[in-house]
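Here's the structure we're looking at; comments come further down.
There are 2 protein chains.
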Amino acid sequence: MRKSIATVSLSGSLSEKLTAIATAGFDGVEIFENDLLAGPLSPEEIRLRCADLGLSIDLYQPFRDFEAVPGDRLARNLRRAERKFDVMERLGADLLLVCSSVAPEAVDDDVLAAEHLRLLAERAERHGIRIAYEALAWGRHVSTYDHAWRIVELAGHPALGTCLDSFHILSRGSDPKGIADIPGEKIFFLQLADAPLMAMDVLQWSRHYRCFPGQGGFDVAGLVAAAVRAGYTGPLSLEVFNDVFRQAGAASTAVDALRSLLLLEESAGLSAPPAPAVPSGFAFAELTAADPEPLRGVLGALGFGRTGRHTSKPVELWEQGEARILLNTGAGDRRQGPALAAIGVETSDPDRAAQRAEAMLAPVVPRRRARGDAPLDAVAAPDGTELFFCRTDRSDLPSWTGDFTGVPQHEAAEPAGIGRIDHIALTQPWHQFDEASLFYRGVLGLEADDSLDLADTYGLRRSRAVATADGGVRIALNVAPAPGDDDARLQHIALATDDIIATARRVRARGAGLLPIPVNYYDDLDARYELDPHILATLAELGILYDRDESGEFFHCYTATVGRVFFELVQRTGGYRGYGAQNAAVRLAAQHAHQHAV
Amino acid sequence: MRKSIATVSLSGSLSEKLTAIATAGFDGVEIFENDLLAGPLSPEEIRLRCADLGLSIDLYQPFRDFEAVPGDRLARNLRRAERKFDVMERLGADLLLVCSSVAPEAVDDDVLAAEHLRLLAERAERHGIRIAYEALAWGRHVSTYDHAWRIVELAGHPALGTCLDSFHILSRGSDPKGIADIPGEKIFFLQLADAPLMAMDVLQWSRHYRCFPGQGGFDVAGLVAAAVRAGYTGPLSLEVFNDVFRQAGAASTAVDALRSLLLLEESAGLSAPPAPAVPSGFAFAELTAADPEPLRGVLGALGFGRTGRHTSKPVELWEQGEARILLNTGAGDRRQGPALAAIGVETSDPDRAAQRAEAMLAPVVPRRRARGDAPLDAVAAPDGTELFFCRTDRSDLPSWTGDFTGVPQHEAAEPAGIGRIDHIALTQPWHQFDEASLFYRGVLGLEADDSLDLADTYGLRRSRAVATADGGVRIALNVAPAPGDDDARLQHIALATDDIIATARRVRARGAGLLPIPVNYYDDLDARYELDPHILATLAELGILYDRDESGEFFHCYTATVGRVFFELVQRTGGYRGYGAQNAAVRLAAQHAHQHAV
Chain A
1 MRKSIATVSL SGSLSEKLTA IATAGFDGVE IFENDLLAGP LSPEEIRLRC
51 ADLGLSIDLY QPFRDFEAVP GDRLARNLRR AERKFDVMER LGADLLLVCS
101 SVAPEAVDDD VLAAEHLRLL AERAERHGIR IAYEALAWGR HVSTYDHAWR
151 IVELAGHPAL GTCLDSFHIL SRGSDPKGIA DIPGEKIFFL QLADAPLMAM
201 DVLQWSRHYR CFPGQGGFDV AGLVAAAVRA GYTGPLSLEV FNDVFRQAGA
251 ASTAVDALRS LLLLEESAGL SAPPAPAVPS GFAFAELTAA DPEPLRGVLG
301 ALGFGRTGRH TSKPVELWEQ GEARILLNTG AGDRRQGPAL AAIGVETSDP
351 DRAAQRAEAM LAPVVPRRRA RGDAPLDAVA APDGTELFFC RTDRSDLPSW
401 TGDFTGVPQH EAAEPAGIGR IDHIALTQPW HQFDEASLFY RGVLGLEADD
451 SLDLADTYGL RRSRAVATAD GGVRIALNVA PAPGDDDARL QHIALATDDI
501 IATARRVRAR GAGLLPIPVN YYDDLDARYE LDPHILATLA ELGILYDRDE
551 SGEFFHCYTA TVGRVFFELV QRTGGYRGYG AQNAAVRLAA QHAHQHAV
Chain B
1 MRKSIATVSL SGSLSEKLTA IATAGFDGVE IFENDLLAGP LSPEEIRLRC
51 ADLGLSIDLY QPFRDFEAVP GDRLARNLRR AERKFDVMER LGADLLLVCS
101 SVAPEAVDDD VLAAEHLRLL AERAERHGIR IAYEALAWGR HVSTYDHAWR
151 IVELAGHPAL GTCLDSFHIL SRGSDPKGIA DIPGEKIFFL QLADAPLMAM
201 DVLQWSRHYR CFPGQGGFDV AGLVAAAVRA GYTGPLSLEV FNDVFRQAGA
251 ASTAVDALRS LLLLEESAGL SAPPAPAVPS GFAFAELTAA DPEPLRGVLG
301 ALGFGRTGRH TSKPVELWEQ GEARILLNTG AGDRRQGPAL AAIGVETSDP
351 DRAAQRAEAM LAPVVPRRRA RGDAPLDAVA APDGTELFFC RTDRSDLPSW
401 TGDFTGVPQH EAAEPAGIGR IDHIALTQPW HQFDEASLFY RGVLGLEADD
451 SLDLADTYGL RRSRAVATAD GGVRIALNVA PAPGDDDARL QHIALATDDI
501 IATARRVRAR GAGLLPIPVN YYDDLDARYE LDPHILATLA ELGILYDRDE
551 SGEFFHCYTA TVGRVFFELV QRTGGYRGYG AQNAAVRLAA QHAHQHAV
């Protein structure tokens, strides 16, 4: 289906918005009136600009507080409408959104509303314009889509139809089943927005917290499917009011928006892009370091051995069990120190994974490849992290590990019991948090957990994990309390062990400091969980944090931070599925204290 | 009354919080458990630190999910409590907050709850500890203060009392009148928080949006008065969970917090600080400019004449009607250009104004005064703007204008019809917005309007005006969408004229550009208001914006921005009280467009 977006969904001037919308690949736009009023472009210039960019103007909006008013007011409202028809003719827009009235003078009279809307449609028709009447969830007398439709039906004019808006319908808990009762050709327009499920005033909810489909809690796909079944053939059009998108760069928001529609079409059964090749685990994590020595020290202490060097690039391979770390010494920001630059995921079908990524608008990262290097596709995640689709050491395909040649045996360290990468935590730029989780869901087929607030010493951090059903790949997405620190985003790699106490002891014995955790924490652990005193003492000695859920236990501890990177050791028992969020405040405070102490 | 604050209300480590709390002048603290758990200080060290700082530990909190549980759980909960009594003994804290249970296993049985709380109180008493039982607004079975009190009464133990929390009581709309039924000595503690009136889930509201008394919409003073009438003699203690305060500097938040309690005491009739000397108008606005030429040009074009030079400082006085601008050429940030540094307000009693400011914790600005200069007191507002209390040209006191000597007559320009300063708009640092409005209300006795969201091209800006009842002093406080741009905060001076068209024409004729406003805006104005076509054309020609309310009209236009400063020309007719917020989006977009064009 054609894809459109309201200009209000993005930040910037109207010119900036239109460029971003066209560049992302949308077919059309809704021109939000304030964007026209506030800008220097005349309606004719906007029309030309859209034509140049290949964008149709699918809707002009909103026209408010029109219908069911006392007599003298009607004439003034019709005059007001005529002025807007003039603007629309100049714009070349032929569909006007009319929202159900919120005006105090509006009368609760469907017949009167229908009569007025019919008059409006007659006037509109003379200009070649049609009217799409929509129920605002907070409309004074008309607040549900079926009520708006009854009025449209009553008016019975060919230039009058209805506009369905997923936010207005789903925020009120209306059942979209009734959409089947509306003839498809009378659904003039379909506006789409999702929102997190929140118990709050619906107007505030709508104005600040709307998000793109798939980023909230509504079944937008079900609503779209219902509209299509009813015969709707117009565009899928996003209309999102969101405090974060209002600030974020228009270009990236537009891509995020279009990706949400592609996933929505797929969920609603309206398209069939290449299915995701859900990864089975992490193939590697790549760290960059202009000065690699501190990281080599930590990796060695963690029990990793340097098992290979890349044949054509300054990259080292460090391995322990199935955990692999690439150390790229030819890149990296000298000022900020080591950083996590890339993730490799293990997939049975790298080609399909790459096709899926491309279909989901993931930008392909241009690779410099030496002759003989294994083909390795990468795309960039919203935060710039590169994502590689790998097959490691399978007989039927060349393995990326073949690009590494072995180093002398004595460089392999004594392993410390680490078996694999448990999860990777990526701090997202403030404006990319919702985009990131949708990206990983769309591109890798991961599933998203609930969003959490973690209490940091200097603010609340939102956190949301995306993972495969079997936990083979887990990525924790975190975001700082506010924009501004985007350059120094911390990332960490959590390494799984089956015996965290033995692993932590070995790591410490080799001189890598583990983050000290306050004694007070262990007093509280005792109060809450009545742990065995010996185990409690050992946890305290090693700075191991503890959590428990209904199906298992979680033990975890942390190394010091090097540049923007640190490591976590984790042990899961039973079916524990979380990440120790309970302990985040204590860990974050300990990291702050440690940084100040160093 | 003694004044206290919960450590959770501030950002930072426990050490940082305690220092900020003591420095601001609080008498005591509530130790929030997570602050203790996450920090390296032992309970004994915290006790010592508080003693050194002169802070009593008034409460340890919270203890959760204790009462009305099945038998096996009770023993475990009592064990958990004993561990906390141990911590409290080490801390030297003798009052524990117990929140009504939210646990799924809790039973709806007041007799059982009372029995369990009595057992807890018996245990506590052996440690010299008392229990304050509080109803959480979202408690599973106990969610109102009168219900919590009935259970406490039923338990009938001297070491068990109740804690009243203004948020939990007022967010549920409970009537505080029933507090009169609780014997004062059984109100063991009083926690205070305000909140903006919002229709949202009470738990989310509480965790993110609490604010200090006077910053929200609750009648906290009425509740305090009721508790005091009932015989409560303990501390007034703030407990605020707020996303902004969690990030803001602890030192300034602590001052803001204590100021809110001082105002609260006054409102509740519990104290009588010097009354505010409500100002009658602006005496002057002071601009700083390392390079004063651009500002001199704008002031000249606006019709200001340079009427004086300070006898001992590089400061020029520019006047037109009752509008006075000081141009300080000896200060200012060369990189950011001109800025607004100070405001003088006209007051009948500068001494009392200064005493009031000091009583409300406004930091006094040290002045360098030459012999013979008029005494002029200044304090610093939260954003650093200096605030002077002036009497201009009255016979009974020396006027600050006497410090300026006249300059040759020919430097006086042709006036352009400006009569006075209408208002001053100050962009606040992101974390100081609520503090600022409380500051101006407390120090100057201004009244606050509602908080508004203005749609800027690159995000939403909150805005709130504070003003005297007669509009003699109006200050519009704005805040950018997010922290980060605090250094480049724009400020502006709005100048009143009785004939904005004539004034704008003269200003333009003298070569000062006025901000161009898009033609589309005027098409919409026509659609909305049906203005006289000639007037409309003139407004469009001059870039004058228009607004209307039930009692009058508002015309306004803008100069270009110089450094961090611009000027607005305004004309009010009838009783229009606003600031043209309706037009803010158009104005802000025009300013962005103009800046990019320049």
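Line by line, the protein sequences give chains A and B. Position one of the first sequence corresponds to residue 1 (the working numbering), numbered consecutively onward. Position one of the second sequence corresponds to residue 1 (the working numbering), numbered consecutively onward. Idealized CB from N, CA, C, for every residue including glycine. Predicted model only: the values in this text are computed from it and were never measured.
Apart from sequence neighbours up to five positions away, the residues of its chain that approach valine 255 (chain B) with a beta-carbon distance below 7 angstroms are Ala24, Leu361, ordered along the chain.
Alanine 121 (chain B) sits in a helix when the DSSP states are folded into three classes.
Bridge pairing for lysine 3 (chain A): A:Leu236 [DSSP].
Around the beta carbon of arginine 474 (chain A), a 10 Å sphere encloses 16 or more other beta carbons of the protein chains shown; the residue is thus reported as buried.
Between the alpha carbons of glycine 156 (chain A) and serine 260 (chain A) lies a gap of roughly 35 angstroms.
Measuring C-alpha to C-alpha distances from alanine 482 (chain B) to each of B:Ser463, B:Pro518, B:Thr503, B:Trp430 identifies B:Trp430 as the nearest. The beta carbon of isoleucine 151 (chain B) sits closer than 6 angstroms to the beta carbons of Asp110, Ala113, Ala114 from its chain, once the five residues preceding and following it are set aside; these are given in chain order.
When CB distances to chain B are screened at a threshold of 7 angstroms, the residues of the stretch 471 to 495 of chain A falling below it are Pro481, Ala482, Pro483, Gly484, in chain order. Under a 10 Å Cβ-count criterion, valine 364 (chain B) is classified as exposed, with fewer than 16 other Cβ atoms of the shown protein chains found around its own Cβ. For leucine 536 (chain A), the enclosing alpha helix (DSSP H) begins and ends at 533 to 542. If the five residues before and after alanine 504 (chain B) are omitted, its C-beta is found closer than 7 angstroms to the C-beta atoms of Leu514, Leu542, Ile544, Cys557, Leu569, all from its own chain and listed in chain order. Contact with chain A is absent for asparagine 77 (chain B), since none of that chain's Cβ atoms lies less than 8 angstroms from the residue's Cβ. Rounded to the nearest angstrom, the Cβ distance from glutamine 491 (chain A) to valine 565 (chain A) is 6 angstroms, consistent with a contact under 8 angstroms. Taking the beta carbon of arginine 83 (chain B) as reference, the chain A residues within 7 angstroms of it are Asp523, Asp526, Ala527, listed in sequence order. By the Cβ criterion, the stretch 158 to 166 of chain A is in contact with the stretch 127 to 135 of chain A, since at least three pairs of Cβ atoms, one from each stretch, lie closer than 8 angstroms. Not flagged as an interface residue toward chain A: arginine 73 (chain B), since no C-beta distance is shorter than 8 angstroms. Interface flag for asparagine 520 (chain B) against chain A is set, since a Cβ pair is found closer than 8 angstroms. With distances taken between CA atoms, tyrosine 529 (chain B) lies nearest to A:Arg73 out of A:Thr7, A:Val8, A:Ala20, A:Arg73. Nothing from the stretch 423 to 443 of chain A brings a Cβ to less than 7 angstroms from some Cβ of chain B.
In this structure serine 463 (chain A) is buried. Its beta-carbon is surrounded by 16 or more other beta-carbon atoms within 10 angstroms. Only residues of its own chain outside the window of five on either side were considered, and among them Ala413 have a CB closer than 6 angstroms to the CB of glycine 300 (chain A), listed in chain order. Within the DSSP bridge table, the entry for leucine 438 (chain A) names no partner. Residues of the stretch 39 to 52 of chain B with a Cβ closer than 9 angstroms to any Cβ of chain A, in chain order: Gly39, Pro40, Leu41, Ser42, Pro43. The DSSP-derived three-state label of glycine 178 (chain A) is helix. Rounded to the nearest whole angstrom, the C-alpha separation of glutamate 435 (chain A) and serine 11 (chain A) is 15 angstroms.
Excluding residues up to 5 positions away in sequence, Val87, Arg90, Leu91 lie with their Cβ nearer than 6 angstroms to the Cβ of proline 43 (chain B) in the same chain. A straight line joining the alpha-carbon of proline 62 (chain A) with that of isoleucine 343 (chain A) spans about 45 angstroms. In the structure shown, the three-state DSSP call for tryptophan 318 (chain B) is strand.
For the 8 angstroms CB-CB criterion, phenylalanine 241 (chain B) and valine 98 (chain B) do not form a contact. Of B:Arg76, B:Glu67, B:Glu82, B:Val29, the smallest CA-CA separation from serine 56 (chain B) is found for B:Val29.
With three or more CB-CB distances shorter than 8 angstroms, the stretch 188 to 207 of chain A counts as touching the stretch 198 to 207 of chain B. Taking the Cα positions, histidine 534 (chain B) is about 26 angstroms away from glutamate 45 (chain A). At a Cβ-Cβ threshold of 8 angstroms, cysteine 163 (chain A) and glutamate 134 (chain A) count as neighbours. Under the three-state reduction of DSSP output, proline 43 (chain A) falls in the helix class.
Under the three-state reduction of DSSP output, threonine 503 (chain A) falls in the helix class.
For leucine 223 (chain A), the number of other beta carbons within 10 angstroms of its own is at least 16, and it is reported as buried.
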